[in-house]
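What follows is a single structure, written as structure tokens, with notes after it.
Chains as they are written, first to last, in this note's numbering: chain F, 3 to 226; chain R, 3 to 226.
In structure tokens form, the structure reads like this:
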């Protein structure tokens, strides 16, 4: 009975880590969407809000880290649970850095909003949407231990890279056609790079999930 | 006696993690230097070598991860040792991603080497040197548990950011003065961003070290 009680409490603790991570992921998705909206709709107030929101993500990182350490110290988990918790520790870092990237995007959006519009943004929101889905699916793959979904995320990274290349080419044409656009185009380029980085973080998470599920490391064999 | 034997073996295992991390850090420093040399001296063979070398870093990541998991499972460490190992798990990810950035730099260097030189590089090697020192000192701070050194690393990040801004301004002048330089300038810009990212990784490591030493989180209070 005592043992059963112990197990139930332990499961609850693991679940709490799982749910906190999903909560953090959800908040990060909103940040990506808001940073993009601030850019596309030239909404500097929303940009400001997004920049400030980053501290919520940062606090969640600290909270989840502490939770993981507590469970490691108290429960001394083995095998699968140990992999789960050590992965949670790594994933939380990726999520926090995605938050940093959203903050960077919002900062560039705020700057761009003070200049005449460069062009209507079509590929950037598409890129942001794809990156956001990757983040969501990578986390889902983690909490469900679903390596098929994780493999999909790794493959989807190509799509984001392709969009990024397309944006680079378009910006190059803009800049060469009219040097007055160069400064703004560089900022748009920076935003594209931030989105690429977000997708990279999602891919990293997905690769680690495959590692967790398979129990062996594919990060640097078939995938990389 | 049994206990003493156990402790000695345990200490050896922690030392092994420490040494492997330093080894990985040393290799990453060489990668930064070589990627830069490939660019400055227009040495595409060295660029190629640097790109290929990334797999050595990747293998070290897998190896150190496994070592950490083994120690966690076998020794069930508490308190300070637990923080040390969970941090090692996070730091190894940063080091691996620094390797990825060096690979990116070498790839851009290889492309730039096929075009006429844009300009002599002065600030980029300076930026690379500063970033490399940050990586070294962040790792030293970790293995020694030296929070003063870690704080220095966080402060030094400003220097890299300043150099990056200077490079951005210079590239802008180049591009606006002669649109024929735009494509190459964008590649140089990409390299500067990779170096900035390397310095960010070092800063992240240093922030985590301060967290480990102080036992509380300063990552998102005074520093961020």
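Where is the CB? At the ideal position from N, CA and C, for every residue including glycine.
If you check the beta carbons only, do residue i and residue j fall under 8 Å apart?
i, j, result
"residue 177/R", "residue 184/F", "yes"
"residue 228/F", "residue 211/F", "For residue 228/F there is no data in the structure shown, the boundaries of chain F being 3 and 226."
"residue 19/R", "residue 58/R", "no"
"residue 126/F", "residue 162/F", "no"
"residue 62/R", "residue 22/R", "yes"
"residue 108/F", "residue 37/F", "yes"
"residue 253/F", "residue 89/F", "Any answer about residue 253/F is impossible in this case: the structure gives chain F only from 3 up to 226."
"residue 104/R", "residue 169/R", "no"
"residue 112/F", "residue 49/F", "yes"
"residue 203/R", "residue 56/R", "no"
"residue 159/R", "residue 130/R", "no"
"residue 30/F", "residue 137/F", "yes"
"residue 87/R", "residue 79/R", "yes"
"residue 120/F", "residue 41/F", "no"
"residue 135/R", "residue 26/R", "no"
"residue 164/F", "residue 151/F", "no"
"residue 83/R", "residue 24/R", "no"
"residue 208/F", "residue 155/F", "yes"
"residue 39/R", "residue 45/R", "yes"
"residue 192/R", "residue 99/R", "no"
So what does DSSP say about residue i, is it helix, strand or coil?
i, result
"residue 43/R", "coil"
"residue 66/F", "helix"
"residue 72/R", "helix"
"residue 121/R", "coil"
"residue 37/R", "helix"
"residue 11/R", "helix"
"residue 4/F", "Low per-residue confidence applies at residue 4/F: pLDDT is 49, beneath 50, and the placement is therefore not dependable enough to give any value."
"residue 225/F", "Any answer about residue 225/F is weak, because its pLDDT of 40 lies below 50 and its placement is not dependable; what the coordinates show is given next. Three-state DSSP puts residue 225/F in a helix."
"residue 16/F", "helix"
"residue 220/F", "Because the pLDDT at residue 220/F is just 48, under 50, the model does not fix this residue reliably, and the value given afterwards should be weighed accordingly. Residue 220/F falls in the coil class under three-state DSSP."
By the DSSP assignment, the alpha helix (DSSP H) with residue i in it spans what residues?
i, result
"residue 88/R", "81-114"
"residue 175/R", "149-179"
"residue 198/F", "184-216"
"residue 127/F", "125-146"
Is residue i near the ligand HEM - that is, is its Cβ less than 7 Å away from at least one heavy atom of it?
i, result
"residue 62/R", "The model on display carries no ligand, and the ligand HEM is accordingly not part of it."
With 8 Å as the limit, tell me which residues of the segment 177-191 of chain R have their beta carbon closer than that to any beta carbon of chain F; keep them in chain order.
177, 178, 181, 184, 185, 188, 191
Would you list, in chain order, the members of the segment 74-87 of chain R that have their beta-carbon closer than 8 Å to a beta-carbon of chain F?
74, 75, 78, 80, 81, 84, 85
Interface positions of the segment 25-50 of chain F facing chain R (Cβ-Cβ less than 7 Å), listed along the chain
Answer set for the segment 25-50 of chain F: empty.
Chain R contacts made by the segment 90-115 of chain F, where a contact means CB separation under 7 Å:
Listed in sequence order: 91, 92, 95.
Scan the segment 165-177 of chain R for residues whose Cβ lies nearer than 9 Å to a Cβ of chain F and list them as they occur along the chain.
170, 173, 174, 177
Looking at chain R, which residues of the segment 193-214 of chain F have a Cβ within less than 7 Å of any of its Cβ atoms?
195
Looking at chain R, which residues of the segment 61-74 of chain F have a Cβ within less than 7 Å of any of its Cβ atoms?
Against chain R - using a Cβ distance shorter than 7 Å - the residues of the segment 61-74 of chain F are 61, 64, 71, 74.
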